[in-house]
Amino acid sequence: MLDAARQLFEDVGYEEATLRDIARRAGVSVGSIFTSFLSKSHVLSEVMQERLADLYADLDRLIPHLRGSTADRCRSMFAVHYAFEFRRLRLFLAYIGAAFEWSAEPTLPMMGANPRLRGMVLDCLAGGVARGDVRPDVDLDLVADLIIGAYAWNYRRGVADAADAGALTALLDRQIGVIFDGLAPDRA
Amino acid sequence: MNQLTLGGLSAAAPAGRSNQRALAKQRTREKIVAAATVLFSERGYEGATIRDIAKSAGMSTGAVFASFTDKSDLFAEIAETVQAELHRVLRAAQEGREGHGAIVAMLDAAAEHQLGELALFQAVMSALWTPGLAERLRRRLDRRPVLALIAASVREEFACAEGVTRADVSLVSEMIWDVSILRRAALDGLTLEAVKVRIGDQVGTILAGARRG
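So the sequences go chain by chain: A and B. Everything in the first sequence is counted per this note's numbering, starting at 59 for the first residue and increasing by one. Everything in the second sequence is counted per this note's numbering, starting at 345 for the first residue and increasing by one.
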């Protein structure tokens with residue numbers, strides 16, 4: 059069902075796809091869709107979770123090989139994210155749009171909250187503290203939120219300005235530069 | 345001043361048939377917008393149909409289509425109002441303040457304003473990410489006036505800071521504004537006061553970096 063849903067969301071768009079269409083493509087009854095999922099946004103949430111597993115498998119392999127400043131390591135992680143999500147941009151934009159839906163079921167995992175990404179950024183920042191290019195008194199949680207927010211917001215240029223993954227990576231590189239300039243230890 | 349008053353009176357004086365018709369048309373639009381604002385808030389863009397909106401406004405779908413070309417046109421008009429109000433709230437908060445203080449005051453006011461109409465704001469934000477609808481909306485929603493207010497305060501802040509900044513004012517202004525848009529994930533379980541503190545701390549982090557850059 060998730061495969062059918064993912065293909066359908068990509069082909070006709072999330073807004074246009076109905077649970078009935080998903081059932082038809084998956085070759086199951088509408089009733090069985092409803093026993094597995096609460097709603098269409100629940101299906102989308104599951105599709106994204108499954109997709110992200112591939113991304114994080116890639117990143118788990120990559121991260122131990124990252125070198126350089128904490129800012130640069132952080133930039134590399136997000137460059138991989140942009141490259142990955144731009145392969146299925148339409149699906150990802152639908153997911154961000156759904157993250158703002160106030161009517162979404164409260165029982166669902168929070169859309170737009172990505173614990174894996176958050177953990178990865180927090181690890182990177184903690185590494186910076188250990189390495190000495192991030193001040194130890196920095197509120198890492200707050201900074202992680204700031205960076206992830208900037209990363210996510212930049213996608214709207216993918217909609218508005220038809221920006222590609224490279225353009226968004228370049229923009230986030232500059233934003234990360236501003237943020238990390240404020241995290242550096244005081245120059246003695 | 346007298347001339348202005350007289351001009352206004354003379355324009356309103358001949359309450360002819362065409363004028364009454366224009367007034368009735370305006371009232372119809374207002375009724376539709378009021379009903380649609382409630383339904384879009386409750387059900388989001390996709391969930392609210394023109395049929396429901398017409399029913400709620402007490403008119404036919406034909407009457408709705410006589411005032412608006414389609415649902416996206418009606419939604420865009422509401423989104424424009426949302427944005428104009430936000431701009432007004434920001435400008436009022438900025439008045440009499442400078443630099444960092446003005447920025448924090450603007451974002452506090454924006455957070456308060458958004459939380460007051462959260463459902464409608466979330467419906468607009470959701471629509472801004474929906475391919476197809478987003479392009480149409482963005483053609484009508486101009487972010488520049490809001491960004492210009494922030495940029496003015498950012499420039500002010502750097503002019504009075506000791507260090508010389510190389511960071512691009514527009515980059516920093518956009519980063520600051522993005523922080524102020526309330527995402528559900530960032531809001532989870534926080535009170536208004538906690539949201540304000542968090543936004544204030546994040547703005548502080550951005551400005552500290554921009555000052556050192």
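Every residue gets a Cβ at the ideal spot worked out from N, C-alpha and C, and that includes glycine.
Interface with chain A (8 Å Cβ-Cβ cutoff): Ser-497/B is excluded.
Take the alpha-carbon of Glu-479/B and the one of Arg-174/A: they are about 31 Å apart.
Distances from the CA of Glu-518/B to each of Arg-432/B, Pro-489/B, Glu-456/B were compared; the closest alpha carbon is that of Pro-489/B.
Secondary structure remark: continuous alpha helix (DSSP H) runs of at least 4 residues inside the region 215-240 of chain A, in chain order: 223-239. For Asp-452/B, the number of other beta carbons within 10 angstroms of its own is at least 16, and it is reported as buried.
Between Met-403/B and Glu-461/B, the alpha-carbon positions lie close to 26 Å from each other. Every unbroken stretch of the alpha helix (DSSP H) spanning 4 or more residues and falling wholly within the region 95-160 of chain A is given here in chain order: 98-120, 128-143, 147-157.
A straight-line Cα-Cα distance of about 22 Å links Asp-231/A and Ala-188/A. Counting along the chain, Ser-411/B sits inside the alpha helix (DSSP H) bounded by residues 405-411. Counting the other CB atoms within 10 Å of its CB gives Phe-150/A a total of 16 or more, which places it among the buried residues. If you draw a straight line from the Cα of Gly-544/B to the Cα of Leu-200/A, it is about 11 Å long. Under the rule that a run must span 4 or more residues, the alpha helix (DSSP H) segments found entirely inside the region 435-495 of chain B read 443-460, 462-472, 477-484. For Asp-231/A, none of the residues of chain B pass the 7 Å Cβ criterion, the least Cβ distance being about 11 Å.
Taking 8 Å as the threshold, the shortest C-beta distance from Ala-401/B to chain A does not fall below it.
At a cut-off of 8 Å between C-beta atoms, Asp-197/A counts as an interface residue with respect to chain B. Chain B places a beta carbon closer than 8 Å to that of Ile-237/A, counting this residue as a contact.
Under a criterion of Cβ atoms nearer than 9 Å, the residues of chain A adjacent to Gln-546/B are, in order, Leu-200, Val-201, Asp-203, Leu-204, Gly-207. Glu-501/B counts as buried, since no fewer than 16 other beta carbons sit within 10 angstroms of its beta carbon. Looking at the backbone, the Cα of Leu-180/A and that of Gly-190/A are separated by about 15 Å. Straight through space, the alpha carbons of Phe-142/A and Arg-109/A are spaced by roughly 10 Å.
Where Asp-522/B is concerned, the enclosing alpha helix (DSSP H) starts and stops at 513-524. Taking the C-beta atoms as reference points, Ala-379/B is found nearer than 8 Å to Ser-400/B. Using a Cβ-Cβ cut-off of 8 Å, Glu-108/A does not count as an interface residue toward chain B, since no Cβ of chain B sits closer than that to its own.
With fewer than 16 other Cβ atoms inside 10 Å of its own Cβ, Gln-370/B counts as exposed.
In terms of beta-carbon proximity, Ile-154/A lines the interface with chain B, with at least one pair separated by less than 8 Å. Val-187/A is outside the set of residues whose beta carbon lies under 8 Å from a beta carbon in chain B.
It is roughly 12 Å from the alpha-carbon of Gly-126/A to the alpha-carbon of Cys-182/A. Between Val-433/B and Phe-465/B, the beta carbon gap of about 12 Å keeps them out of contact (Cβ cut-off 8 Å). Taking 7 Å as the upper bound on Cβ-Cβ separation, chain B lies near residues Arg-214, Val-217, Ala-218 of the region 212-228 of chain A. Counting only Cβ-Cβ distances below 9 Å, Ala-478/B has contacts in chain A at Leu-151, Gly-155, Arg-214, Val-217, Ala-218, in chain order.
Distances from the CA of Met-178/A to each of Leu-66/A, Ser-90/A, Leu-124/A, Asp-79/A were compared; the closest alpha carbon is that of Leu-124/A.
Judged by DSSP secondary structure, Val-377/B falls within the alpha helix (DSSP H) whose first and last residues are 361-391. Apart from the 5 residues on each side of it in sequence, Arg-441/B sits with its Cβ closer than 7 Å to the Cβ of Ala-449 in its chain, given in chain order. For Phe-412/B, the CB contacts under 6 Å within the same chain, skipping 5 residues up- and downstream, are Leu-418 in chain order. What Pro-475/B touches in chain A, judged by beta-carbon distance under 7 Å, is Gly-71, Arg-148, Leu-151, Val-217, going in chain order. Here Val-523/B is not near Gly-216/A, since their CB atoms are 8 Å or more apart.
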